[in-house]
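> All you need for the working numbering is the position in the sequence shown, starting with 1, plus 97.
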Amino acid sequence: MQAVTEIDSSAPPSGAIRYDWSLEEIRALFALPFNDLLFRAQSVHRASFDPNAVQVSTLLSIKTGGCPEDCAYCPQSVHHEAPVAAEKLMDVDAVVAAAKQAKQAGASRFCMGAAWRNPRGRNFERVLEMVGRVRAEGLETCATLGMLDADQSRRLKDAGLDYYNHNLDTSPEFYGEIISTRTYDERLDTLQRVREAGIRVCCGGIVGMGESRDDRASLLRQLACQSPHPESVPVNLLVRVEGTPLADQAALDPFEFVRTLAVARILMPRSHVRLSAGREAMSDECQALCFHAGANSIFYGEKLLTTPNPDAAQDKALFARLGLTAV
Ligand code: SAM
Ligand code: DTB
Ligand code: SF4
């Protein structure tokens, strides 16, 4: 049997930021009794954040479907039979109109997602214009466009991009089961270029894809060993979309999802941990536990990229019941 590292769950959080978590330590956090784990996560959370404030981002799919990558979870891949038609890149004015609406609804960040392996040519120029115009509306800007080279990263920064989302998605060990058209190292290379360009990093993953707890621990270790930590850490619960290879994947125990958020909070105490995809299938009680575990960001608005999300009225009601404030 594997030795388990002892964790003193009554110890106060040190507040120190670490980049050297071992897999053994992370496993031991996952293995804590649920109440001890949540107490630790909540203590760490309160040391750095207002526990009742939740950052709110809105997503827009600016280029939907037809993606050449083969990510097993994704309805936008050309390799699967999911019911998502390929579209062209949106017009700049339409994106700006959606950003205005998102701001009016209470979002502070606007994230533009494109189903590309990497951006190219005139489309990239158009995205630069979108970034500048959305920022001029007084929103923080985020984009997720696939792999970037160094020049593209610098140009996005110059256009006014605040955050770049580029997920590691799962552990290096499990990655090959999910994606065959790119490597983990290619993901890490783009993250490095984004950092070097001075753009803040949004990087997380997906759970519930059939990975083991060790894979979840290993993904979190990859994230927490980056220095600095990603400023935003989206934790997505797999949305099982018909036509994708993961459509019939068994559901993850919701407590295991909450544990994953809690461990992320403990490992990356100053990062915004985002309760991302998967809320549509979650009870209000489960979401409340996620916030209690230290999640302090969500996607707001009735659609993620191509799949449904709770509508704004539902989220407003939940925030009111829990005494949470959107920031
Ligand atoms: N093509 C770009 C890329 O992969 O980086 C950007 C868009 S991609 C849709 C952004 C992220 O959405 C993925 O990294 C993945 O974490 C998440 N995602 C995609 N499909 C999902 C699903 N069915 N359930 C949960 N998360 C999903
Ligand atoms: C992230 O980690 N989750 C968001 C955002 N970054 C781009 C995307 C979730 C997509 C869920 C599936 C869909 O709606 O297509
Ligand atoms: Fe393409 Fe991104 Fe979907 Fe993978 S996750 S298929 S890269 S849109």
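For glycine and all other residues, C-beta sits at the position ideal for the given N, C-alpha and C.
1) How far does the alpha helix (DSSP H) with E222 in it extend, from its first residue to its last?
2) Alpha carbon to alpha carbon, how far is Q384 from D408? Give it in angstroms, no decimals.
3) Any idea if A426 is buried or exposed, counting beta-carbon neighbours within 10 angstroms, 16 or more meaning buried?
4) Using DSSP with H/G/I as helix, E/B as strand and the rest coil, what is Q323?
5) Please classify V424 as buried or exposed, where buried requires at least 16 neighbouring CB atoms within 10 angstroms.
6) Does any residue of chain C have a CB that is nearer than 8 Å to the CB of I114?
7) Excluding five sequence neighbours on each side, which residues of the same chain lie with their C-beta closer than 7 Å to the C-beta of S277?
8) How big is the Cα-Cα spacing for D248 and E293?
9) Using 8 Å as the threshold, is the stretch 354-362 in touch with the stretch 377-394, meaning 3 or more CB pairs across them?
10) Please confirm whether any heavy atom of ligand 1 lies closer than 7 Å to the CB of N118.
11) Which runs of the alpha helix (DSSP H) spanning at least 4 residues fall entirely within the stretch 303-353, listed in chain order?
12) Ordered along the chain, which non-local residues of its own chain (more than five positions away) have a Cβ less than 6 Å from that of Y272?
13) Considering only C-alpha positions, which residue in the set A182, L288, P165, E184 is nearest to H176?
14) Taking H142 as the reference, which of R115, H389, F396, L157 has the closest Cα?
15) Hey, is N215 close to ligand 2, as in C-beta under 7 Å from one of its heavy atoms?
16) How about A321 and L288: are their beta carbons less than 8 Å apart?
17) Following the continuous alpha helix (DSSP H) through Q173, name the residue where it begins and the one where it ends.
18) First and last residue of the beta strand (DSSP E) that includes R418?
19) Could you name the residues of the same chain whose beta carbon sits closer than 7 Å to that of L135, not counting the 5 residues immediately before and after it, in chain order?
20) Cβ-heavy atom distance between G273 and ligand 1 below 7 Å?
21) Taking the alpha-carbon positions, what's the L426 to C300 distance?
22) Please look up how many angstroms separate the CB atoms of L334 and V304, rounded, as I've assumed it's under 8 Å.
23) Tell me whether A374 counts as near ligand 2, meaning its Cβ is closer than 7 Å to at least one heavy atom of that ligand.
24) Among the candidates M227, D246, L245, whose CA atom is the shortest distance from the CA of T238?
25) Between which two residues does the alpha helix (DSSP H) harbouring C383 extend?
26) Compare the C-alpha of V181 against each of K160, V192, L245 and name the closest.
27) Once you ignore the five residues that flank E308 on each side, which residues in its own chain have a CB closer than 6 Å to its CB?
28) Check each residue's C-beta against every heavy atom of ligand 3 and list, in chain order, those closer than 6 Å.
29) So for A240, helix, strand or coil by DSSP?
30) Tell me the start and end of each unbroken beta strand (DSSP E) in the stretch 259-302 that is at least 3 residues and wholly inside, in chain order.
31) Looking at C-alpha atoms only, which residue of E399, Q411, A414, A417 is the closest neighbour of A195?
32) Using DSSP with H/G/I as helix, E/B as strand and the rest coil, what is I114?
33) Secondary structure at L372, three-state DSSP: helix, strand or coil?
34) Could you tell me whether the stretch 204-213 touches the stretch 120-135, using the rule of 3 or more Cβ pairs below 8 Å?
35) May I ask whether a heavy atom of ligand 1 can be found less than 7 Å away from the beta carbon of L415?
This is what the structure gives:
1) Position 125 of the sequence shown holds residue 222. From DSSP, the alpha helix (DSSP H) with E222 extends over 218-233.
2) Mapped onto the sequence shown, residue 408 falls at position 311. Mapped onto the sequence shown, residue 384 falls at position 287. Computed Cα separation, rounded: 15 Å.
3) The shown model of the chain, from 98 to 424, leaves out residue 426, and the question about it has no answer.
4) As a working mapping, residue 323 is identified with position 226 in the sequence shown. Note: Q323 maps to coil in three-state DSSP.
5) Against the sequence shown, residue 424 aligns to sequence position 327. With fewer than 16 other Cβ atoms within 10 Å, it is exposed.
6) Structure shown: chain C not included; a single protein chain is present.
7) Numbered from 1 along the sequence shown, position 180 holds the residue referred to as residue 277. Hits under 7 Å: D167.
8) Position 151 of the sequence shown, counting from 1, holds the residue named residue 248. Position 196 of the sequence shown, counting from 1, holds the residue named residue 293. Their Cα atoms are separated by approximately 11 Å.
9) yes
10) If you number the sequence shown from 1, residue 118 lands on position 21. Here the sequence assigns Trp to residue 118, which means Asn is not the residue at that position. The answer is no for W118.
11) 310-321
12) For the purposes of this step, residue 272 is taken as the residue at position 175 of the sequence shown. Same-chain partners within the cutoff: Y281.
13) Here residue 176 refers to the residue found at position 79 of the sequence shown. Ranking the options by Cα distance to H176, first place goes to P165.
14) Residue 142 sits at position 45 when you count from the first residue of the sequence shown. When each option's Cα is compared against that of H142, the closest is H389.
15) For this step, residue 215 is matched to residue 118 along the sequence shown. For ligand 2, not one heavy atom lies less than 7 Å from the Cβ of N215.
16) Along the sequence shown, one-based indexing puts residue 321 at 224. Along the sequence shown, one-based indexing puts residue 288 at 191. Contact flag unset, no.
17) The residue you call residue 173 lines up with position 76 of the sequence shown. Here Q173 belongs to no alpha helix (DSSP H), and DSSP marks it neither H nor E.
18) Here residue 418 refers to the residue found at position 321 of the sequence shown. Unbroken run through R418 is the alpha helix (DSSP H), 409-419; no beta strand (DSSP E).
19) By 1-based counting over the sequence shown, the position of residue 135 is 38. Same-chain partners within the cutoff: A359, H389, A390.
20) Within the sequence shown, numbered from 1, the residue matching residue 273 stands at position 176. Result no, Cβ not under 7 Å from ligand 1.
21) No information on residue 426 is available, as it lies outside the stretch 98 to 424 that the chain covers here.
22) The residue labelled residue 334 in the question sits at position 237 within the sequence shown. The residue labelled residue 304 in the question sits at position 207 within the sequence shown. Rounded, the Cβ-Cβ distance is 6 Å, consistent with contact.
23) Position 277 of the sequence shown holds residue 374. Yes, ligand 2 has a heavy atom inside 7 Å of this Cβ.
24) As a working note, residue 238 is residue 141 in the sequence shown. When only C-alpha atoms are compared, the closest one is M227.
25) If you number the sequence shown from 1, residue 383 lands on position 286. Per DSSP, C383 belongs to the alpha helix (DSSP H) from 381-389.
26) Counted from its first residue, the sequence shown places residue 181 at position 84. The shortest Cα separation from V181 among K160, V192, L245 belongs to K160.
27) In the sequence shown, residue 308 corresponds to position 211, counting from 1. Correct list, in chain order: T267, F271.
28) C164, E166, C168, C171, Q173, S174, A212, G243
29) Within the sequence shown, residue 240 is the residue found at index 143, counting from 1. Three-state DSSP puts A240 in a strand.
30) 260-262, 297-299
31) Taking the first residue of the sequence shown as position 1, residue 195 is located at position 98. A195 has its Cα closest to that of E399, out of E399, Q411, A414, A417.
32) Counting from one through the sequence shown, the residue named residue 114 turns up at place 17. I114: coil per DSSP, three-state reduction.
33) Within the sequence shown, the letter at position 275 stands for residue 372. Three-state result, L372: strand.
34) no
35) Along the sequence shown, one-based indexing puts residue 415 at 318. L415 Cβ: outside cutoff for every heavy atom of ligand 1.
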